[in-house]
Amino acid sequence: MMHGPAAKLGADHAASKKSKLGVILFFIYFIVYSGFVVIGLVAPELMGVHVLSNQNLAIVYGFGLIILAIIMGFIYNSMCNKLEKKMNNKEGKL
């Protein structure tokens with residue numbers, strides 16, 4: 019019995035642009051997350067300051083990181099779909 023992909027996939031002409039987008043989004047998240055870590059290391063007392071609805075900075079920043087990751091995932095997916103449609107259709111692959 020032969021095993022292989024169910025569908026033939028052609029070359030992905032958008033791969034380099036999708037990779038670049040992924041790296042850019044990674045570094046944006048890295049910078050925001052680094053801010054969280056630096057606050058925790060340098061001024062941990064700031065993490066206990068109430069900033070929103072009687073919630074401390076650690077909780078608000080942590081949830082913000084989670085929400086940012088989800089939003090960035092949607093942005094990445096949307097932009098990759100647009101790039102694939104644009105670049106792969108030029109070559110007549112889709």
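Per the numbering used here, the very first residue in the sequence shown carries number 19; after that it's consecutive.
Ideal Cβ positions, reconstructed from N, Cα and C, are used throughout, including at glycine.
When DSSP reads this structure, Asn-106 sits in no beta bridge, so it has no partner.
The criterion of a C-beta distance shorter than 7 Å is satisfied by Ala-32 and Glu-102.
Asn-74 places its beta carbon less than 7 Å from that of Gly-66. Per DSSP, Val-67 lies in no alpha helix (DSSP H) and is assigned neither H nor E.
In this structure, DSSP gives Asn-95 a helical state, which the three-state scheme calls helix.
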